[in-house]
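In what follows, a structure is listed as structure tokens, so that the remarks can point back to it.
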Amino acid sequence: MNATSHPTGGSAAGPSGADAGEAGARGSALLTNAVGLHARPSVKLTQLAKSFAAAIEVGLGAEGPWVDAKSPVKIMRVKAGKGTVLHFRAEGPDAAAAVAALVALVERRFDEEESGHGDAP
Amino acid sequence: MSETRLQGRSASPGLAAGPVVLLAAPRAAARPALDPDAAAGALRRAMSRAAGEIAALVATSEPAAADMLGFQLALLEDDALAEGAFHAISLGVPAELAWQQALDAEIAGYEAAEDEYFRARAADLMDVRDRVLDALAGGDSGAGSGAAASGIVAAHDLPPSRFLGMDWSAGGAILLAGGSPTSHVAMLARSRGIPMIVGLGVAPEALLGEVLVDATAGAVVIDPSPETRRAFERQRELDGRRAATEAAGALEPAVTRDGTPVAVLLNVADPAELDGLDPALCDGIGLVRTEFLFHDAGALPGEEAQRAVYARILAWACRDGRARPVTIRTLDAGGDKPIAGLTVEGESNPFLGVRGIRLSLAREEVFRVQLRALLRAAAGPGGTGLKVMLPMVTVPAEVARTRALLAQELAALAAAGLPAALPALGIMIEVPAAAIAIDLFEADFYSVGSNDLTQYVTAAGRDIGALADLADPLNPAVLRLVERVAQDGAARGREVSLCGDAGGDPAALPALLRTGLRALSMAPGLVPAAKAALRAVDLAGGRGR
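Chains as they are written, first to last, in my numbering: chain A, 151 to 271; chain B, 16 to 560.
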């Protein structure tokens, strides 16, 4: 398993920012949505994670501690706020795709925030 | 009895008066202890029943409420939520107590959060906790049965599903000892127009009596004096009259006091926003953001999918069989709006990076698909109203290049036998270079993007809270640039509008009209108040006649 070469995460990790090993992958992304990883974003993240067969974990640091990315209860316990770098690691047949998709979701700000400073012209 | 005044935080504005009703806390009935296996089974059934109730509520709720209930459902369906409870049950703890303790521990974790958004989610956990307790007790959930009377409800905190289970059709208000303006229930109260105050810091029982609620100011008066009551009633009458006037005038055109007509257009981020809106609300659509098309499924949207969305918006804008203007902005990705696989990653300053038209011209294969969809939509119903707008234009060559691409694609569509037409092509004015040298640009119309123009002119990032005062769209330098653009438009017969946040801000409207602007684009919800503010402006006064 390779470590991501983007310790500050965010902009560096797109679908290509997830480094794939044989059956393991890692990636990271900067939380930039205003409210952090709370209710709706957590649900979206866990739903996306559940669509992959791989075991996926999310952590606040490159060395963990890690929690199950398919559990909204555990993700909410992490209380990751705006400006946190989320790290992902996955093991399984579709690990690389899973990490890439999760990183992309975070970078798209969970497809939210049409209002506020984020989107007006 | 003398009156008592209490101060909390406004969570949803408005006024209300009347007697206070306490929200009874649901509690689980005592039940004989079961052996661990039976207790675990009872909890499992209660959880599944609660999940069923929530799922049924989701089906009948408005989207915002459905999202919130979906969060509760996701928690309830997660084994991790009840792990501690099942462990306690295996040690002989009764099911109700085990569940209550496990959830209370989870709730305490939320309440201890530094971030208000996370603290506010404690109410969702309480909601889940109480619903399962009710199911364990074998009764109807207080949330599910329309048990609660509305009126002025006082409680420590109000779970969202109990709010949804109440009848608010006759009005009412919510007074909470705790709570948060960012809670789901506060969001629901705002969307239903129910006044709500949080953080009153006293036991709900202390609020019992006749009260006046000024939720705009966050104030409650208990047992008010006759004078206070009269003043309150006067305020309520004024507020009611103002809201009624705004609502009544919302479907009428906006004309200033001196008789100058002002076009009011809509900003649309998602076509679903138009559902249920009366097209008479506006004179057309001043900005359709197309970023939403690029957010799904990681795949870029195809030509046909885009054409169908554009056609739907054009059809909505038609009135009495007549096409009205619909300005669709080409993809404005980049800056603070990254799109995976499309925008450039790792820019040190994305606001000064490859964004807007710069990105579209760098990714021509993606841009051509959008231009083809627009050319085809222009030949469909309402298509004569279509105007295509380019974001972040900095130099005239960007417009010229887009015109060349449009001409090529128009020819290709004609060769393929597909109906297509060339729409008007305009530019957003948000880069100072374009505003200053506006006379060098060949565009069919201009639309001022006041948010970005302000941040670039004042060098104050709009995502930096500490610079909010500097990032002022009414800064004289910004207004002079807007005036320059409006004058160029008037001199060369080009329409000029403004589609930033300032366009829907009643306080900013007089200054914007004095720059010469006569068309403003804003979020649909801001139209009634903005039209009322526009009607109060007198452009003849103080400027000669």
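Quick reminder that beta carbons are idealized off the backbone N, C-alpha and C, glycines included.
- Think of a sphere of 7 Å around the beta carbon of B:D93: the chain A residues whose beta carbon falls inside it are S221, P222, V223, in chain order.
- With a threshold of 8 Å between beta carbons, A:V185 makes contact with chain B.
- The closest CA to that of A:A175, considering only A:R259, A:L252, A:V185, A:V256, is found on A:L252.
- With 16 or more other Cβ atoms inside 10 Å of its own Cβ, B:A137 counts as buried.
- Collapsing the DSSP output to three states places B:P294 in a helix.
- A distance of 8 Å or more separates the beta carbons of B:L296 and B:A338.
- Sixteen is the threshold: since fewer than 16 other Cβ atoms of the shown chains lie within 10 Å of the Cβ of B:Q423, the residue is exposed.
- The beta-carbon of A:R239 is placed no less than 8 Å from the nearest beta-carbon of chain B.
- When C-beta distances to chain A are compared with 8 Å, the residues of the region 73-93 of chain B below that value are D82, M83, G85, F86, A89, L90, D93, in chain order.
- With a threshold of 8 Å between beta carbons, B:G124 makes contact with chain A.
- As summarised for the region 178-217 of chain A, the continuous alpha helix (DSSP H) elements at least 4 residues long and confined to that stretch are 189-200, given in chain order.
- B:Q115 sits buried, since 16 or more C-beta atoms from the chains shown fall within 10 Å of its C-beta.
- In this structure, the alpha-carbon of B:L433 lies about 42 Å from that of B:E498.
- When C-beta distances to chain B are compared with 9 Å, every residue of the region 205-216 of chain A stays at or above that value.
- Bounds of any alpha helix (DSSP H) do not take in A:H237; it lies within the beta strand (DSSP E) bounded by 235-241.
- The region 406-485 of chain B contains, as complete beta strand (DSSP E) runs of 3+ residues, the segments 439-444, 460-463 (chain order).
- A Cβ of chain A is located within less than 8 Å of the beta carbon of B:R136.
- B:L496 and B:S25 have their alpha carbons spaced roughly 37 Å apart.
- Taking the CA atoms as reference points, B:A534 sits about 20 Å from B:E457.
- Using a Cβ-Cβ cut-off of 8 Å, A:V249 does not count as an interface residue toward chain B, since no Cβ of chain B sits closer than that to its own.
- Taking the Cα positions, B:E121 is about 15 Å away from B:L148.
- Here B:L524 really is in contact with B:L549; their C-beta atoms are around 6 Å apart, less than 8 Å.
- At least one CB of chain B lies nearer than 8 Å to the CB of A:A254.
- Chain B has no Cβ within less than 8 Å of the Cβ of A:A175.
- Contacts with chain A (Cβ-Cβ distance below 8 Å) from the region 94-128 of chain B involve D94, A95, L96, E121, G124, Y125, A128, listed in chain order.
- Counting of Cβ neighbours within 10 angstroms places A:K200 among the exposed residues, the total staying below 16.
- By the Cβ neighbour-count rule, B:Q22 is exposed, with fewer than 16 other Cβ atoms within 10 Å of its own.
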